[in-house]
Every structure is written in C-alpha cells, then in structure tokens.
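Protein chains in written order, with the working numbering: chain L, 1 to 376; chain R, 1001 to 1376; chain Z, 2001 to 2376; chain B, 3001 to 3376.
What follows is a single structure, written as structure tokens, with notes after it.
4 protein chains.
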Amino acid sequence: MPSSSLSINKYHIAVAQNASGRNLNVPVYHLTSNTSGPKVYIQSSIHGAEVQGNVVIYHLLQALKQQPLKGEVILVPNCNPVGTNIKAGEYTLGRFDPVNGTNWNRGYHYDEQAVVSFAQTVEEREDVSDIKSRFRQVCKEAITKKLEQSWGLGLAQGLNLTLQQLAFDADIVLDLHNGPVSTRHIYIPEYAKHAAKQFSIPHCIFIPKVFAGALDEACFCPWWTLQIELEKRFGRAFDFGVEAFTVEMGSQEVIEFDEGKKDAQSILAYLACKGMLDDKQHQPQSMQRFGVMLKDYKTLFTDFGGMVEYCAQPGEHISKGEILAKVLNIDELENERAIDEIKAPCDLIPILHFPSASVLSGTQLYKCFTQYFEIS
Amino acid sequence: MPSSSLSINKYHIAVAQNASGRNLNVPVYHLTSNTSGPKVYIQSSIHGAEVQGNVVIYHLLQALKQQPLKGEVILVPNCNPVGTNIKAGEYTLGRFDPVNGTNWNRGYHYDEQAVVSFAQTVEEREDVSDIKSRFRQVCKEAITKKLEQSWGLGLAQGLNLTLQQLAFDADIVLDLHNGPVSTRHIYIPEYAKHAAKQFSIPHCIFIPKVFAGALDEACFCPWWTLQIELEKRFGRAFDFGVEAFTVEMGSQEVIEFDEGKKDAQSILAYLACKGMLDDKQHQPQSMQRFGVMLKDYKTLFTDFGGMVEYCAQPGEHISKGEILAKVLNIDELENERAIDEIKAPCDLIPILHFPSASVLSGTQLYKCFTQYFEIS
Amino acid sequence: MPSSSLSINKYHIAVAQNASGRNLNVPVYHLTSNTSGPKVYIQSSIHGAEVQGNVVIYHLLQALKQQPLKGEVILVPNCNPVGTNIKAGEYTLGRFDPVNGTNWNRGYHYDEQAVVSFAQTVEEREDVSDIKSRFRQVCKEAITKKLEQSWGLGLAQGLNLTLQQLAFDADIVLDLHNGPVSTRHIYIPEYAKHAAKQFSIPHCIFIPKVFAGALDEACFCPWWTLQIELEKRFGRAFDFGVEAFTVEMGSQEVIEFDEGKKDAQSILAYLACKGMLDDKQHQPQSMQRFGVMLKDYKTLFTDFGGMVEYCAQPGEHISKGEILAKVLNIDELENERAIDEIKAPCDLIPILHFPSASVLSGTQLYKCFTQYFEIS
Amino acid sequence: MPSSSLSINKYHIAVAQNASGRNLNVPVYHLTSNTSGPKVYIQSSIHGAEVQGNVVIYHLLQALKQQPLKGEVILVPNCNPVGTNIKAGEYTLGRFDPVNGTNWNRGYHYDEQAVVSFAQTVEEREDVSDIKSRFRQVCKEAITKKLEQSWGLGLAQGLNLTLQQLAFDADIVLDLHNGPVSTRHIYIPEYAKHAAKQFSIPHCIFIPKVFAGALDEACFCPWWTLQIELEKRFGRAFDFGVEAFTVEMGSQEVIEFDEGKKDAQSILAYLACKGMLDDKQHQPQSMQRFGVMLKDYKTLFTDFGGMVEYCAQPGEHISKGEILAKVLNIDELENERAIDEIKAPCDLIPILHFPSASVLSGTQLYKCFTQYFEIS
C-alpha cells in the first residue's frame, strides 16, 4: 500500500429543518492530498429513491484511501435527507417535494446575463486562473445573496443552493442518479464530448448549453457561456477545465454493493484521465458506446391506461415495429381485444422504463435513444 | 319568469384513462341562447382539491336558466377527474400529478413565434372578425397537432390541451380556483384592468404578458401578442375582445353553497357588463378593491421548521413589524425560545396562507400583496 | 410568585431511526416537586397531524412553573417524529405508518391473561401500594421483553412500547389528540365516570374494558382487570387510583395558542381535583356536559361519492331528519338531482366531521353522539 | 378443439363511487358449462399493486375456452378499482385505503357465533347438500344485512362484502395476490393440507382456523367451524367440500405474460384434481415442496434505518448466521462501521423481502419459513 498523505475531513451541513424543528444534516467527506490537482465534487441521492450512488461513494472512499491522489475530492452522499425519508407505501417518494411537486433537481442557480456582464470585466491579458477565481467569487456571491433574501426561499431551492455553494468550487462535478428501471447512461455537455470514452458507461447523451435547473447544467453553463463570450471578445480559445455530468447508475430503489464497485471504477478511470490518479491502474473499460443528441433522446408516452408488460429491456437494440410493451385490458379478457401491443415507432435503444405495471394514459413508458450513433 | 329560449346541451368528454383502462370523463354543459353575443368558457377544479368552483357553476346554471342570455356559455365543472380522486390521507392530493409532480395547470399551449408569424399574414384591410376566426383556426390546429403527436403526451399536458380546445373558441375564459386558506382574489391581465371593477372581488392581481403554462395565460397571451404585433405593423389599435381570468374563490377542500351563490353573482355581474345579461339585475358590488402588480405579489417562506399559528388572517391589512405567525419549538418549551415570531417585512395584505400547522423550512407560509393600491 | 421547588429535567429518547440512519428523538420534560403526590404522564401528537396538544403542553409547562405542585409530571410533546414529518401535499399524513397503513395508536401492549395470572400471586393481606409496585414491575418487564425480541418489531409498535415504558409508571395518563374537524371531547373509562366533571370538556364518551391497542386502554385495562380479579378473589373493593384518558382538543392541522391555554386550564383543574395543585385556583368550568356510551357513539358513512358541504357543525344538537350534509352531483348540475341531502337518522350531536369536501363512498362523514344524556 | 358447451357471461358490478360521483365497476366473467360440477370463484388485485393475478385470469380464460369444463367458474380480475388507481410517485399505493390506512383485505365477514347457532338448527338426518344450501342462505343474508345497515359502511368493508356475496356461493375460492419481492407461495387451511400437492407452488403455509378478516379465512372459517360443530353434535365426520386459498404469484408491480401462463396451469391442475377438467392434460408439476405452520412463518424487522442490499433471494435456503442483508450507514462511510450485516437468526427460507432499499427502523425486511419441512 502506498504511503498516502490523504486526509479525510468529515463534517455535516444543515440543509433544511423538519416539522419537528430539527436540522436535517448532510454528511460531507472532504479528501485532501498534499499534491495539487483538480477539485472534484460528487453528490448522490438528490432524488431520494436513487440510492445506488451512496454505494458508489462508499467504494470511491475505500479506493481513494489506498492510492496517491492529486487534488481534492468532496463526497456528499444522501444529499437530500427530506427526499430520502418520504415514504408512500413501501417505496420512497423521492423525486419531488411532496408538498408542492417541485423536482428536487430543478432549483440550482444560473444567471446568463450576469455571465455576459462578467465577461466584459475580463482584461485582454488576464490570466486564466485569475479569471477563474474572480468568476467563482462572483457566482458564489450571487448564490449567497439568493440564499439570504429576506422573504426566504422554497425548500428545494434552498437545498439546491446550499449544495451548489460546495459544488461551484470544483472543476469536476458528478451528480449521481438512477433511472426508474434503467441501464447505465450519462449526460455529457457537448463541449466535453471526449469524456464519453473516459467513463465505462455504454450510453451517452450529449446536451447543448440550455439551463433547466439541474446541478450539472448549473455547473457547466456559466463556464461554457463565459468561454463563448471571451472567445467572441478576444478571438481566441479559452478553456477553464470545468466539466459536470449527471451519471445514471442503474435503477432506483436498489442497493447493490458489487455493481457499485464497478461504477466507482468507472469514475476512478475518469479521474485518472484527469491526472488525479495513476492511470495505469485505472483504465476505462473497452466497450461499445452509443451516443445520442439530447433532442433525439425521446420519451414514449402511452395513449391509454392499463396493466403493462415491458417487453423491451433497457439497453436492447430494438427495430422499428418491434413490440415494446403489451397492455392488458381487463374489461376484454375473453376476446381478441384483451392485449394491446405498443410498437417501436423507429429504431431505438430503450434506456429506461416506468417501474410499475399499472399506468394511466400519458405515462412515460420508455425513454429511448433514437438517431443514435456509435462512439468510436 | 322570462320566456327564455336557452338550450342546455350536456355531454361528456374523455380526458384520460385510468390504470383500469377506463375513460375518465368530464361533463360539459353547453348553454346556447337564440340571441347572439359573446362565447364564455368556465371551468373548475383543474386542481383537484379546489372544489368550490363546482358550486359556483351549479349556481350559474340555476341563474342562467331563469333569464334571457345573449351568446353562449360552456361550463366544465370538475375538469380534472384524476386530480379529484387522488386521496392522501383525508385530503385530496389535487395540485399535481402524483406520479411526477407536474402541476395540473402548467401544460397549456402557447407559441409566441407562431403568433408573430401569423401577424405577418394579416392584410391591412382584413376585418377583425375575419382575423379572429382565422387566428382561432390556426391556434386550434396547433393544439390538435400537439395532441396527436406520435410519441404521445404527458397526462397533465394531454388533459390541458383537451380542455384548451374547448376554451380557445371563447371570448371570455374563467378558470375557477381556490387558495389553500384564502380570501377571494382574481388574476387580471394588465390590458383588461377595467375588469377589476366588473367582478365583486376585493383583491386583484395585474399580470403582464408572460406565459408560464396556465389556462388564463394560454388564452390571453396569443390575442395580446397578436394585438401588439398588428399595432406595430399597422400603427393603429386592435381589440379582439378576448379576456381570460383565474378567479380564486376562497379556500380549497371546502364546499359552501351560500358562498358559491355570491361568487356566481359576481360572475353574472361581469357577464352583464359584457352585454350578455340584463345589467340592471346584475351589478358588481360596491366595495373597496385593492390591486397589486404581479411582481409585488410576494411569497413569504419560513426559514425554519416547526408548528405554526397563522396570526394574520387572509384579507387583513398588516403593518410592517406586526406578527404574522408564531412557531412553536417543541424542544424548547420550558424556556424563552419556546415561541418564534415571524413579522411582516413591510406593510402587506396576506391573501392566503399554508393550510397546515406543521411546516418544514422553505414552506410557503403566506402570499401577500405588497406595494398595493386602492382601485377606484 | 410562590417559591416553587419544582425541578425540570429535559432529555430526549430515541424512538426510531429514519432511512438516513439517524435517530428520531422525542423530547421529555420531567417535572418533579419536593412534595409527594401522583405521577402524571401526558403525551401529544402520536397522530402526526394532531398538533394542538403540543401547545397545551407548552401552556401546562408555563403554568406548572409558577405554582406549588405535589407529585411528578412527565410531558412528552410531539411523541411521534415519523408521523409529524410525512407530508402528502400540504397536509400531514400523520394517522398511520405510510408504509403499511398501521394506525400509530394501536400497538400498545396489554396481556389480559398475564393480569389474571398476576392476580393469583397477590396475597390476602398485601398492601395496595405493594401490589401496585409489583404489578408495575411485571407489566414493564413484559414490555421490555417485547421490545427486545430477536426478530424485531414493527415501527409503530416499537414506538408505542417505548412510550408505554414511560407512561406505565404513571397514575394518570393523558393522551392528547385532535379530531379532523372536531369539537372538544374526551374518552373516559366507565370506572372513572366521576372524572367527566373534573375536566372542562362538554362531550364525554364512556368506554368499557375493551382493548383495541390505544394508549389509554393499554394504561387502564391492566389495572381495571386486576381490580376486578382481586375483587372476585377477596370479595372486597380495590382502588389503584390509576386513570387514563384520550382527550380530543379540537381540530387537527391547527395551532391556536389561546385555545391551548384553555385546554391546559381544563387539565390543571383535573390535576387539582387529584390533589396535585391548589384547587381554589383551578376549578373545572361550570358547563353543560353530555355523555354517551361507546356503543352509541356512531359513525355515519356516506353511501355515495361526491362533493360535500358539512351543514351540521360539531357540537350542535341535531334532530332526526335534519340535514347533516349536502352532496353536489357534478353530472346532474342542470336538473333536480344536482344536490343530495343526507339527513340525521336519529337525534344526535355531531362531534366531528371529515375534513375534506371530496369524498368517496364509504367515507366517515360524521361521528355522532346518539342516545346521549346530560351529565349532572 | 373439443365441442365445448361453455358459455361466458360478462357483466360489471359497482363496488364503490369515487369523489366525482361515478360508479367504480368491476368486471365479472361467469363461465358456465352444461355439465355439473363445483363452483369456483377467483379474484385478483384486491391489493391494487398486485396485478399479476389479472394475467393469470386472462390465461385461465383462454385455457377454459378450449376444453370441456364441469361446473362453473367466476373470474373477477382487478376487483379493487380504488386501490388500482391510487398512485404515489410512480408506484401504486394499493395495499390500504389511502384515507385511513385500512388494509383492503381485512373487512370480510365472519360471525363465529352465528355458525354455532346455525349448527343447532341442523337435524340428524339432514342431507349435506341441504345443510350447505341452507347455510349459504343464512350467511349471505347476514352479509346483505351488513351491507344495508342504515349508518353505512367503510369503503374497504363495503367493497369486501360486495365481493364476498359472489364468493360465498362457491365451493372453491382463490384470492390471487403478490408479495413485494417474492417467490410463489400459497396459504392453505390445515384441514385442506392435501391441496399442497395439487398446485405447482413450492412454498405452502398451513393456517389454523383463525379469522383476521381476509377473504380466504372468511370463506373457509364458516364451513370449518360448522363441520367441527356438527361433528361434536353428531359424532361423525362432515365434509362440505369447500376450500379457499390465498395464492401469492410472485412480485407486485409486475406483469409477465409467460409467468402468468404457468400460474394458470398450476390452477388448472388443481381444478383437474377437483374433477372439473380432464386430469390427464393437467397434472401438478413434480417439484420439491416445503411447508410451514403459520406460527413459524416469521417476519424479520430491522432494528435500525438505512440503505439495504437484500443478499438472500426469495426461495433460497439460508443457514443460521448467513448474511441476509447489508445496511449502508451513510454517516460512517470512511470507517469500519460503514456496513452493518443482518444475519439469519436460524435456518430459514426467505419468501419475500421489502421492495425498497431505503428503510426506517421497524421495517419488515423479510418474511421467512422457519421450522419448515418437506411435503412428500
């Protein structure tokens, strides 16, 4: 075992108070090496039922303790103690605030206009690291101001901004999620396409610079916009070295230690590519990878309600016209209308499907790669 | 009783299917007189717990049967049979789709760019009624196209668009809502400010031309935008006579027949102002009315969790520094920290408050008029 | 202010762990005087939405600090931190475990056969206080054994037994509840009928020695049974001086400090009757009181679903045939079937009604005193 | 294909009304042959998330249409339209009434005292078929009376009694359920132990004559009690040929057509054993079967909350001390307390486990056969 000089500082931050008036605390594991390098922020379970990321963080901690690290890693498992603890029947109602329906992953901060204004303050000869540090300062102050506004903030937004304060310091941000019943996939900003081959994840969604409130977007949009603005102003390329991803590590409501170890290895390989770890020990798996542009990542809704068998498995390649699902019609069991078949409208890869057999009309049955391509 | 030539046509439309595969039907009462006049569309209970509008529609029907009407009225009570029937404990979980948190009042259609394009097709001398009828056609076709898209639609959006198909024919649209614990108030588009005095409602919120997905916005934004575009093009004023409002008729989870009768009278007075009824019989009440611009209609969130007494009642005028709420701290009952007081940050009128004494931090305690003014 | 020698010892007990692995703690306020007297146990909010008892405990604490007390008082507010913190929409899903539907007030321990066996161990000349202390010991050991069983216990039952360990030491047990929309009422074991006039509560339900799992029953059934068994054996009366009540202090989801003060005064008057406080300062209110035997405390279910106005108010005296509720039928608004009336099947006092206007068939609309009598 | 004289009569019964005032209908498929034989009643999905039984009924219908049948079969799929349609997040909240927590399978009728009284009316020489028909009449009248009581009935109980009216006519009653994550198993009344080998189900739980409100108990307890009473009175054996079972066909929230076909074959084999079908075509599978007495079918609750991996799979044979589950402790990820192991307290077969990785303390992790035996 290498003589590691890693230090682990564990502390808790309060992200909310419950109706008993008690603080809801989130654990933070801050790993610092004595060798400089990038700063990484990884959180899991912002959606309360998506728990597998906690196992991934556990395995990351075990692995990082045992080898030389360059830089810093902040690990925030179980970052949403409200969402984790709302049960509705046996399952966890973890995707949105049960009071008002607010998605827990839509309240992060991004102010495009403020970035444009900041770009005006950059001087021709200003050093990239100085720009980075000034920009971080400005963005974090904006978040602080929002957190302190006198009329208060909604629960989800307050939680999001408190976490974003930690995340915004990092060069690399990973938000660990799970799908309902899902194969592994990752959201990658288009400017960081190269990263697709640095993880061991077979399905990659490339996303444009559009902010819809999620953590990854809130972390990369400011830097991406700043880069574009400065390139416009000064006519040369800028690279701030900031990347942020939403990583979907299988299905929700499931803990699997062995699978989590593989997911941790995928992340370690990426960190090795970034120079933080010995890259001989950590290589991305050799595997077939498929990519899709966000606009071609499509949701198939059912037009009618009923009881559904999901015939196509996440990750399978399905041809146009093949059966995706069968719906049982309980009022027609004795005749030929007993079963409706839902067929693939085009060639596609189903990435995830709804986790319950009982669906109302308008339910998101499948999310699918269409017009996908192999990443080589 | 006048010799009324009113005809009432009742039918049902299917807006969704449940998990048993059964259609969920919504009743439509279509009242037609043999005298021409405006077309009115009134729906209630798009938020399932906001049931009082159904009583208002009942009283409207009783009243309209008994007097001469000019024009048409479409009444759609209980327009969201999914939201009405989701119970969580004794209350109705009616504000959002329980599967994914989607607010039932955010999926209506509006395409600003399409309106701008349409404006280009209008000819200088085209008659207003021709423009109206062409524009309706175009907008309704866009909704139909959206409803028929091959990958399907989410439940809330499908429901919304199906209702919007009915509403978009009307010149006057009223969407009947309730607040949690609430005084009566109405949302009025700024261009229709005069309507504030045509209802018998003491609190009016004036809203700009911004689309956030609600029915009223989806009904007035297209006409408002068209009017602006045509004024820009032709340098003269256009008035299409279309108005749409969200009317908040007291508190959710409550049915009160007597109160509903008064609310119906308020609407009848407005219809009389529009020339549809004998305006001698139907006058808006003489009352003090207060208005606020939407940007000054503010939400007060609590910074901490606990058990709350709502000291300020909806409709009361509260001065800066007065106590709005007291929060009991169950861990400090024996000492001076037992009760926290939440004070008004400025002069305000609380319009509604949260309906439960138990709150997490980040709960929307009150919505308040600030910088309000008397409407005279 | 009297020179009080009261000491207040505040501590917390862990009653469960949440899905984050954190202890859920309940505050215990233990008040001890240096003058001997009965031991009192008062808890509130075992049903999470029934929060007003917490205010009552607050006022009890304020009052008890200011006057001489004989004996001990244990106050346990907010005794169910799970139930308090499950939100479903804006309301608190506090009546049952959201995972499995278990009512939070049905898992206390009572073993009739064990009491009968214990009675056999009592000797003719054994002192009542010795019997009490031996019996307490035996009962508490049974609870401890149940709590420690190797296969574990359900959440509600574990919570109940942990609280019962504290309560079973007391001579007087008050379990503070609220109804949905409710007038104040109290459950009194038939053997303690005299207590009806010692509280300031207008509606009293007298209950037989039947155990259905609630705290009051779990506290009085053992002593009541023991008393009967010993009377059978020794042919003379026994009185252990133990009383237990469920007190329903108005409506759920509401905090009202002023009302809570009155409820505290009602309890103080009862404690004064028991000799714990100066009875000149604390007199039960002079008021009309009505009683009912449990078998005549009846639930009125609706046969059909719809939107309901609750016409009869809790506490009103209603004659047979009077209207209790009106139900709006949204599919028949234009005709004479628009409103159904639900009438009182006999003379009755509605004590509480359902808190939502939207009901399915089979909903408990009202709970009513029938065959009631004045307590004089 | 045989010239079958089977007739299928499909109709619907209303079992409740929703908050929109609409009837909730359940489909009934009544199959009658022209050859006499037993009467069978099969229902599915009384617990709304347990949907696989609907597929089994579909396959039963397909099979029964194609071969000669002796007797009658009543099939009632999706028998609880309320439970089927309550969504809480993506899953179905189908186990209990969301309003009050009442388990949908606990409100059936059984009145032991009435059976004892009926037994007194039987005459020494009365024919068994006469006793059966008189007894059915008496029991059904009691159910009818309960359904018609003037103060109404709770929703779950009304639903249960309406179904029981249909079921009580049958000689054979199958209530099709699913476990959370579960292997196939069946509840068999001890007097019908022989049936264990007539189904193709590897795990059998033998239950005593105790009524806890479920359909199977409500169907067999009356006959079992009657038989015992008559044997006591007349000193000879009585056999009414009535059997009732709860059959657990795998996991909830899942539809699998192929698995459902196998489950249908298991039921057909049982019906063939009863003489209703050609028994050469339908043989129970040759398989290892394990039995357990109800008292040894034990629930393992977790003492602490956390994130759980279920290491033991339903149906596996586990030795005392082997690991059943691992619990991740998110506050101790960096040290040796990161994972707690839960071990088997004795040799056991886990039959089902909780379907979510996130558990509070007191959660039912596993239900297990202990002291089980092979059925030969």
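Virtual Cβ for every residue (Gly too), placed ideally from N, Cα, C.
By Cβ distance, which residues of its chain are closer than 6 Å to Z:Cys2346, with the 5 residues on each side in sequence left out?
Closer than 6 Å at Cβ, skipping near neighbours: Lys2320, Thr2370.
Threshold first: 3 residues or longer. Then list the beta strand (DSSP E) segments lying entirely within the region 1154-1189 of chain R, N to C.
Correct list: 1172-1179, 1185-1189.
Verify the CB distance criterion: does R:Phe1369 have a CB-CB separation below 8 Å to chain L?
Residue-level contact check: R:Phe1369 does not touch chain L, since none of the beta carbons of chain L fall below 8 Å from its beta carbon.
Evaluate L:His12 with the Cβ neighbour count: other Cβ atoms within 10 Å of its Cβ, from every protein chain shown; 16 or more gives buried, anything less gives exposed.
Counting every other CB atom within 10 Å of its CB across the protein chains shown gives L:His12 a total below 16, marking it as exposed.
Give me the Cβ distance between Z:Pro2068 and Z:Pro2180, rounded to the nearest whole Å; I'm assuming they're in contact under 8 Å.
Separation of the CB atoms of Z:Pro2068 and Z:Pro2180 is rounded to 39 Å, and the pair is thereby denied contact status at 8 Å.
If you draw a straight line from the alpha carbon of L:Arg136 to that of L:Asp169, how long is it in whole angstroms?
Those two C-alpha atoms are separated by around 7 Å.
Taking Cβ-Cβ distances shorter than 9 Å, what residues in chain B pair up with Z:Val2292?
Against Z:Val2292, chain B offers no close residue; the least beta-carbon distance is about 15 Å (beta-carbon pairs closer than 9 Å).
Nearest by alpha-carbon distance to R:Gln1283: which of R:Arg1233, R:Leu1060, R:Gln1265, R:Asn1080 is it?
Looking only at R:Arg1233, R:Leu1060, R:Gln1265, R:Asn1080, the smallest Cα-Cα distance to R:Gln1283 is reached by R:Gln1265.
Give the interface partners of R:Ala1019 over in chain L, defined as CB-CB distance under 8 Å, in chain order.
Within 8 Å Cβ-Cβ: Gly305, Gly306, Met307, Ser358, Val359, Leu360.
Identify every residue that forms a DSSP beta bridge with B:His3059.
Partner(s): none; B:His3059 has no beta bridge.
Under 8 Å Cβ-Cβ, which residues of chain R neighbour L:Ile330?
Against chain R, a Cβ distance below 8 Å from L:Ile330 picks out Ser1020, Gly1021.
Neighbourhood of R:Thr1092 by C-beta distance below 6 Å, restricted to the same chain and skipping five residues each side:
Here the set comprises Gly1048, Ala1049.
Minimum length 4: unbroken alpha helix (DSSP H) runs contained in the region 2186-2269 of chain Z
Listed in chain order, the complete alpha helix (DSSP H) runs (minimum 4 residues) inside the region 2186-2269 of chain Z are 2215-2234.
Taking the alpha-carbon of B:Ile3339 as reference, which of B:Gly3315, B:Gly3362, B:Glu3309, B:Tyr3366 has the nearest alpha-carbon?
The residue with the shortest Cα to Cα distance from B:Ile3339 is B:Glu3309.
Kindly indicate if chain L contains any beta-carbon less than 8 Å away from that of B:Gly3250.
Among the CB atoms of chain L, none fall inside 8 Å of the CB of B:Gly3250.
Assigned exposure category for B:Ile3323 - 16 Cβ within 10 Å defines buried
That one is exposed.
What are the boundary residues of the alpha helix (DSSP H) that includes L:Glu141?
Secondary structure note for L:Glu141: its alpha helix (DSSP H) is the uninterrupted segment 128-147.
Measure from the C-beta of L:Gln364 to each C-beta in chain R and report whether the shortest distance is under 8 Å.
L:Gln364 counts as touching chain R.
Identify whether R:Thr1121 lies in helix, strand or coil by the three-state DSSP scheme.
DSSP places R:Thr1121 in helix when its eight states are reduced to three.
Taking just the CA atoms, how far does Z:Tyr2366 sit from Z:Phe2373?
One alpha carbon belongs to Z:Phe2373, the other to Z:Tyr2366, and they sit about 19 Å apart.
Compare the C-alpha of Z:Ala2167 against each of Z:Asn2335, Z:Leu2333, Z:His2030 and name the closest.
For the set Z:Asn2335, Z:Leu2333, Z:His2030, the Cα lying nearest the Cα of Z:Ala2167 is the one of Z:His2030.
What do you get for R:Glu1090, buried or exposed, if any count of 16 or more other CB atoms within 10 angstroms of its CB means buried?
When all chains shown are included, R:Glu1090 counts as buried.
Rounded straight-line distance, which links the Cα of L:Glu141 to that of R:Lys1326
Between the alpha carbons of R:Lys1326 and L:Glu141 lies a distance of about 31 Å.
On the DSSP bridge list, what partners appear for B:Phe3369?
Beta bridge pairing from DSSP links B:Phe3369 with B:Tyr3297, B:Ile3349.
First and last residue of the alpha helix (DSSP H) that includes B:Pro3081?
Taken as a continuous stretch (DSSP letters only), the alpha helix (DSSP H) holding B:Pro3081 covers 3081-3084.
Among Z:His2203, Z:Val2076, Z:Val2056, Z:Leu2159, nearest to Z:Pro2314 - alpha-carbon criterion:
Of the candidates Z:His2203, Z:Val2076, Z:Val2056, Z:Leu2159, Z:His2203 places its Cα closest to the Cα of Z:Pro2314.
For R:Asn1009, the first and last residue of its enclosing beta strand (DSSP E):
Per DSSP, R:Asn1009 is one residue of the beta strand (DSSP E) stretching across 1007-1017.
Please confirm whether Z:Glu2090 has its beta-carbon closer than 8 Å to some beta-carbon of chain L.
Yes, contact with chain L.
With H, G and I counted as helix, E and B as strand and the rest as coil, what does DSSP make of L:Leu271?
L:Leu271 sits in a helix when the DSSP states are folded into three classes.
Could you pull out every residue in the same chain whose Cβ sits closer than 6 Å to the Cβ of L:Tyr110, ignoring the five residues on either side in sequence?
Correct list, in chain order: Phe211, Ala218, Cys221.
Tell me, please, whether the region 3056-3071 of chain B touches the region 55-66 of chain L by the rule of three or more beta-carbon pairs shorter than 8 Å.
No: the two stretches stay apart, fewer than three of their Cβ pairs being nearer than 8 Å.
For Z:Pro2314, would you say it is in contact with chain B, using Cβ-to-Cβ distances shorter than 8 Å as the test?
Any Cβ of chain B closer than 8 Å to the Cβ of Z:Pro2314 would place that residue at the interface, and such an atom is absent.
Using a Cβ cut-off of 8 Å (strictly closer), state whether Z:Ile2057 contacts chain R.
Yes, its Cβ sits closer than 8 Å to a Cβ of chain R.
Can you pull out the residues from the region 1150-1182 of chain R whose beta carbon lies closer than 7 Å to at least one beta carbon of chain L?
If the cut-off is 7 Å between Cβ atoms, the region 1150-1182 of chain R has Ser1150, Trp1151, Gly1152, Leu1153, Gly1154, Leu1155, Gly1158 near chain L.
Cβ atoms of L:Ile74 and L:Val40: under 8 Å apart, would you say?
If you check the CB distance, L:Val40 and L:Ile74 come in under 8 Å.
Could you tell me which chain R residues have their CB closer than 7 Å to the CB of Z:Lys2326, listed as they occur along the chain?
Neighbourhood of Z:Lys2326 in chain R, by CB distance below 7 Å: Phe1257, in chain order.
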